[in-house]
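Protein chains in written order, with the working numbering: chain W, 38 to 326; chain A, 24 to 786; chain F, 0 to 157. Each residue gets a CB set at the ideal place from its N, CA and C atoms; glycine is no exception. Everything on this sheet refers to the single structure shown next.
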Amino acid sequence: MIEFEALKPQNLKEALAVLKEKGMDIKILAGGTDLLVEINNNSDRLGDFKYLMDISSIKGLDEIENKKEHLIIGALCTHTQISESELIKRNFPILIRAAKTIGSTQIRNRGTIGGNINNGSPAADLITPLIALKGSVILKSKNKKRELPLQDFITGPYKTDRKEDEIMTKIKIPKITSDYQSSFQKVKRRQAVAIARINLAVVTDIKKKRFNDIRVVFGSATPTAIRFLKIEKRLKQAHINELDLESIAEQTGQEMVEITGERWSTPYKKPVVGNLLIRALQEIIREVQ
Amino acid sequence: MEFNHVHKSKKRVDVYEKVTGRAKYGADMRFPDMLYAQTLYTKYPYAEIKNIDLGSAQKQNDVEAIITAEDVPNNKFGVIIENQQVLAEDKSLFIGDGIAVVAAKTAKAAGRAVELIDVQYKELKGVYDSLEARKEGSQLIHEENESNQVIHHPLRKGNVKQGFLESDVIIKREYDTPFIEQSYIEPEAVVAVPYQENSTITIYGSIQNPFATQEAVASVLKEKLNKVRIVQNHMGGSFGGKDEVVSSMAARAAILALKTEKPVRLVNTRDQSIKESYKRHPYKMKYKIGATHDGRLKAMQIEAVADSGAYACQTPFVTWRSVVQATGPYEVENVKTDTYGFYTNNIYTGAMRGYGSPQVIFAQESLMDELAEELDMDPVQLRLKNIYHNNSITASGQKLDSHQVSLKEVLTKAVEKSDFIEKYNRYKKEQPGDKKRGIGLSISFRGCSLGAEAIDAAGIILSLKKDGSVNLYSGLAENGQGLKTVYCQMAGEILGLDIDRINFMEVDTLISPDSGSTVASRATLIGGNAVKKAANNLANRIKKFIAERYEQTEGDIVLKDGTIYGKKDIEIMSIAEMSSKAAMEGVYLTSYGWYVSPEISWDEETGQGNPYFTYVYGCQVAEVEVDIKTGEISVLKMTAAHDVGRAINPANVKGQIYGGVMMGLGYGIMEELKTNQGYIQNTNFDEYLIPTVKDMPDIDPIIVENPDPDGPFGAKSIGEPTLELGAAAIANAVANATDKRIRSLPINLEQIIVGRKLSKGGE
Amino acid sequence: MQKVKVSLTVNRKKYNLKVDPDERLLDTLRDRLHLFGVKEGCSIGECGACTVILDGKAVNSCMVYTFQIDGSQVLTVEGLEIDGRLDPLQLSFIEHQAVQCGFCTPGMLMSAKALLNKNPNPDKEAIKTAIEGNLCRCTGYQQIIEAIEASTKKDGSE
Ligand SMILES: Cc1cc2nc3c(=O)[nH]c(=O)nc-3n(C[C@H](O)[C@H](O)[C@H](O)COP(=O)(O)OP(=O)(O)OC[C@H]3O[C@@H](n4cnc5c(N)ncnc54)[C@H](O)[C@@H]3O)c2cc1C
Ligand code: FES
Ligand code: FES
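Here's what the structure looks like:
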């Protein structure tokens, strides 16, 4: 049984001050949809902590801002907020598609983007598209603010680069031009409230019928969601009407095995990652034709 | 026939409490000074318990009592074979065995104390596979036995050797099915109250079978039955699941309550529920079938092995039902089946909706499609050639002559409504794209009620009040299926009373007549007949009273719309007025109805006899879409035709069909309790997946009615038939779509892509 | 554990409470306020039996600590009824036989209510999405959907 004291800072400043003082004993609590499950299950992943610091009602962290070069999403934005945002819909429809597949209505009403990232699950449905969008995260501590690419922030399964005195305040996504297309795929064991068996985000622009700046990110296929650089390299500049689908699929599976090694699930995932990538590419190609 | 109250979709009598949140379930019960109990479970599936140190747990604040096996007066119970431990004594036999139970003033204190109990174990090498357990010289789970065999049911008819010789085509296949969790949404809950009124102990809770629990608790406490009172609360679902596990919890709570002389509440979390409650049996099945070129079945040979887990529980009966249904509803002259149950150190297995039928139907109906394929016939044709008709002789030698055998009717209706033939042929051809459609069907016959398992009788008490309202006492219980409403409708029909004048009392062993268990889809049929008897008795008493005083003959009197009519339909008085007059004259206005089912028979050596007095028939058609690139399956449509005898409440019948179809869908494509060396890997709904609303296909229920001479108002059963067919129909649809035959449930992502199951660290 | 002061409005009634840090909204509603219509089925956000409306949104009350929601408005199934009059949605559940064992019913009602508050005329897909986090093992969902659909027409533009 886990016991803790509650902390409820009134604003970010106060929260950061408390974190500076006793960060090593503090767990940050946002929507709670990951944390309360782990506490209920007495999960080993929790480690030791003395305080639970609720940031869910801190003002200013749940806004979506439209900057010239970027879109900025507050870490406390819920999946529901993201799904309903016109700004996001216009700029990054892939995020909406992904957010809508998360949990249930109740979970989306509480669960936040910051929680999804910081929990660091290999299957997290927002991490995959955010990496493909080259998103970065902004972390604040009492005296410091830093920004780093999301890809670097996630350091392992359920592991991140967050320091004990930091709060993630924002997620920053560089805008893309209108010739970018995207696709999000998620394989599930049932049709709702399902953790991704595999998810995939593909973001690319197409110039002269050729893939250009293509980014392929799989979740739940490798220890953490990452870009599949080899297959990206092969696809870059490939003509959309001249793809050797079978061998692309095959190579994708191989790349997964190179990263992950053989696991119990490999016989399933190896072919399916390839199939999914083909499906995503076809979807994108259909869009542009 | 015209009815006023039955055969109508009346509103449920218990619905108001349920939509307002007023309905009290087991976990909602509160009593002054009530203590909270927590169970400590074994750490290892199979281990010797060397020592239990309660020292520091006992010293915790607010802890009032802790019990271990030593405190249990009689530690073994069971309906068939008494070998289930209330708390593990020398050894834990499976991962859900309890070691100790703490009662404390708060749930938290109880939880803390449980963590402080220090148990010394010696881990033992267990047996986790039913075929392993079967081997000679295998480690014995129960040392007092000579082998791990719980039961063997043979069935011998004709001469299979000869039958196979006469066959043109013979195929042999193996099928298997997993452990399944009932997944009632309400976890088990009981509260034991000591020395309430005249009872030593009173148990409230989520109890499927109050009389079974009463017997278990009395035997554990070594107390007389009439001192143990069980009161059933609203049940948040059961599906067969809230029997032995709840009895064991009730016994634990009772011992603590008597020890502390305070009410004790024991409520499971979902994790505890999945870990300690029994499951549907996994089966490993070998089928061999022979037929002539033109599709006549000649012989069938079946071996089915069920994993009973650590205890016998209901394995002997569950496997018995499999025997009767294993060959499907087909005329076969030569049959040899052997159905076994074996102990292992896995979670124990018992009743779950279907009760031994979903496993064999999955095998049998998959096999029929495989055979059709082999014979190059369509699946409907092959079935029509062999199905039971009136006067057919079943595998157990029973002549089906007491009722309308409506297999052809249900099959034809479902096939036509779903456009089966056209779709089957179209989907068989090469389909473009990644998503392949398929259609499949399955049919079954199902024996109603307990059959030759046990005595099949039930009682009802009706008590007419001075104001013309009625209390109805039943020993069979509402589990959510709508029993209260149906009984009120039947009593109302005979007494001429609206159902809101009839109050179905909660089942209370203090007064309700012991009617056995609410299982085997028997409540409408058996209990309904008892309602009819009780209501007729009461109606006759009313008629006699009127006839004697108002110059009427009993035969002319009619009870309708709350009023008593005499000769030439003249209105004599209201039932309310009559009740008050009769009460004043000291007339006895309570009636009893006791119904015993028609005779049945069974020969354990040969598997021959008349195991059930009537049967129901059903056919389900599944249409699926399989994504061959990811392995995802969506079930698009299910057509379900069921002969229910007569639908007492058509809306309820539909509700049963929708619910059963979805449960069958879960069995087909997603549900599987995973075990590894006796440990359960998925102990909550995040990993044990049941269908959500988004998994729901378009469901087309077809209610077929052939009133049964032995059913009340012609009614038979619907609860279980709806669930037993889905997985088989889906498996056949998947084969139609993909040309791949999957012989192991569930048909999940990996099976579609890799052709077999994959599991973490397991098998 | 140190208690935390929280004020909540539950079913239109205000409460000032001192709660434990690990007290979930579910515990507060059931154990303190005795609103037993809020059910616990899984404790991890999977079943939806504990669904209540928190500041206008359906949430799993097992996934919220009470100390997090100081100043909030909570509506449970007990609050659907006003002055003895049932909510049209409750009447529709009765009418359409949308209830069997009833254990999922309060949560279903709250998910549906939150949807209808926001969107009085949802289509079938929106209804399914609203209750995708509410497991029902008895009904197969069909009659629940029918009940919600029927009450949209009543509540809607007519
Ligand atoms: C039933 C159910 C279904 C689910 N389905 C899905 C699904 O389909 N896909 C999916 O991806 N996820 C799913 N989840 C997981 C979860 O809902 C999401 O990951 C959610 O986004 C977590 O956000 P939260 O605010 O609830 O996180 P919390 O539980 O509050 O926090 C999660 C972690 O992040 C840390 N944290 C939170 N916010 C910050 C911050 N601003 N700065 C620093 N650290 C922070 C916390 O300390 C904690 O370690 C599901 C969960 C449940 C219960
Ligand atoms: S108890 Fe909260 S979702 Fe199941
Ligand atoms: S009615 Fe029983 S769970 Fe829904």
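Going straight from the alpha carbon of Val150 (chain A) to that of Asn705 (chain A), what length do you get? 20 Å
Report the option in W:Lys64, W:Met38, W:Ile39 whose CA atom is closest to the CA atom of Lys45 (chain W). W:Lys64
Which one or two residues does DSSP pair with Gln172 (chain A) in a beta bridge? A:Phe365
Is His793 (chain A) helix, strand or coil by DSSP? For residue 793 (chain A) there is no data in the structure shown, the boundaries of chain A being 24 and 786.
Taking the Cβ atom as the reference point for each residue, do Val37 (chain F) and Ser6 (chain F) lie within a distance shorter than 8 Å? For Val37 (chain F) and Ser6 (chain F), no; Cβs fall outside 8 Å.
Just the C-alpha distance for Gln231 (chain A) and Met258 (chain A), rounded to the nearest angstrom, thanks. Each residue's alpha carbon lies about 8 Å from the other.
Compute every distance between the C-beta of Leu56 (chain W) and the non-hydrogen atoms of ligand 1, then say whether any falls below 7 Å. no
Environment of Ala395 (chain A) [buried if 16+ CB atoms lie within 10 Å]: buried
Contact with chain A by Pro105 (chain F), beta-carbon distance below 8 Å: yes
Collect the residues with a C-beta less than 6 Å away from any heavy atom of ligand 2 and give them in sequence order along the chain. F:Glu39, F:Gly40, F:Cys41, F:Ser42, F:Gly44, F:Glu45, F:Cys46, F:Gly47, F:Ala48, F:Cys49, F:Asn59, F:Cys61
What are the complete beta strand (DSSP E) segments, minimum 3 residues, inside the stretch 483 to 534 of chain A? 493 to 497, 525 to 527
Less than 7 Å between the CB of Asp189 (chain W) and some heavy atom of ligand 1, yes or no? no
Glu695 (chain A) versus Ile416 (chain A) - alpha carbon distance: Going from the Cα of Glu695 (chain A) to the Cα of Ile416 (chain A) covers about 36 Å.
Looking at Phe202 (chain A): is its Cβ nearer than 8 Å to the Cβ of Arg303 (chain A)? yes
Where does Gly101 (chain A) sit, in a helix, a strand or coil, going by DSSP? Under the three-state reduction of DSSP, Gly101 (chain A) is assigned to coil, being neither helix nor strand.
Please confirm if the stretch 226 to 235 of chain W is in contact with the stretch 198 to 213 of chain W, defined as three or more CB-CB distances below 8 Å between the two stretches. no
Run of the beta strand (DSSP E) containing Ser6 (chain F), from where it starts to where it stops: 3 to 9
Under the three-state DSSP convention, the category Leu108 (chain W) falls into: strand
According to DSSP, is Ser219 (chain W) helix, strand or coil? DSSP, reduced to helix, strand and coil, places Ser219 (chain W) within a strand of the structure shown.
Near ligand 1: Asn153 (chain W) beta-carbon under 7 Å from a heavy atom: yes
If we ignore side chains and look at the alpha-carbon of each, how far apart do Ile194 (chain A) and Ser425 (chain A) end up? 34 Å
If you measure from the CB of Ser144 (chain W), is any heavy atom of ligand 1 nearer than 7 Å? For the record, residue 144 (chain W) in the displayed sequence is Ile; it is not Ser. Yes, the beta carbon of Ile144 (chain W) sits closer than 7 Å to at least one heavy atom of ligand 1.
Compile a chain-ordered list of the residues in the stretch 690 to 723 of chain A whose CB is closer than 7 Å to at least one CB of chain F. Closer than 7 Å at the C-beta level to chain F, one finds these residues of the stretch 690 to 723 of chain A: Asn707, Phe708, Asp709, Ile713, Thr715, Val716, Lys717, Met719, Ile722.
Count the CB pairs spanning the stretch 471 to 478 of chain A and the stretch 515 to 525 of chain A that are closer than 8 Å, and state whether there are at least three. Counting C-beta pairs with one atom in each stretch, the stretch 471 to 478 of chain A and the stretch 515 to 525 of chain A have fewer than three that are closer than 8 Å, which means they do not touch.
Start and end of the alpha helix (DSSP H) containing Asp392 (chain A)? 380 to 398
Give the residues from the stretch 57 to 69 of chain A that approach chain W closer than 8 Å (Cβ to any Cβ), ordered along the chain. none
Would you check if the distance between the CB atom of Tyr207 (chain A) and the CB atom of Phe262 (chain A) is smaller than 8 Å? yes
Mapping the DSSP letters down to three states, classify Glu112 (chain A) as helix, strand or coil. coil
Quick check on the burial criterion: 16 or more other C-beta atoms within 10 angstroms. Buried or exposed for Gln218 (chain W)? buried
Inter-residue Cα distance where the pair is Thr435 (chain A) and Val727 (chain A): 11 Å
Closest Cα partner of Thr200 (chain A) within the set A:Val383, A:Leu58, A:Glu299: A:Val383
Sorry if obvious, but does the Cβ on Gly101 (chain F) come closer than 7 Å to a heavy atom of ligand 3? yes
Measuring alpha carbon to alpha carbon, tell me which residue in A:Gly461, A:Ile565, A:Lys583, A:Ala738 is nearest Arg9 (chain A). This structure cannot speak to residue 9 (chain A), because chain A is shown only from 24 to 786.
So is Val309 (chain W) in contact with chain F if we call contact Cβ pairs under 8 Å? no
What residues in the stretch 12 to 42 of chain F have a beta carbon less than 8 Å from any beta carbon of chain W? Pro20, Asp21, Arg23, Ser42
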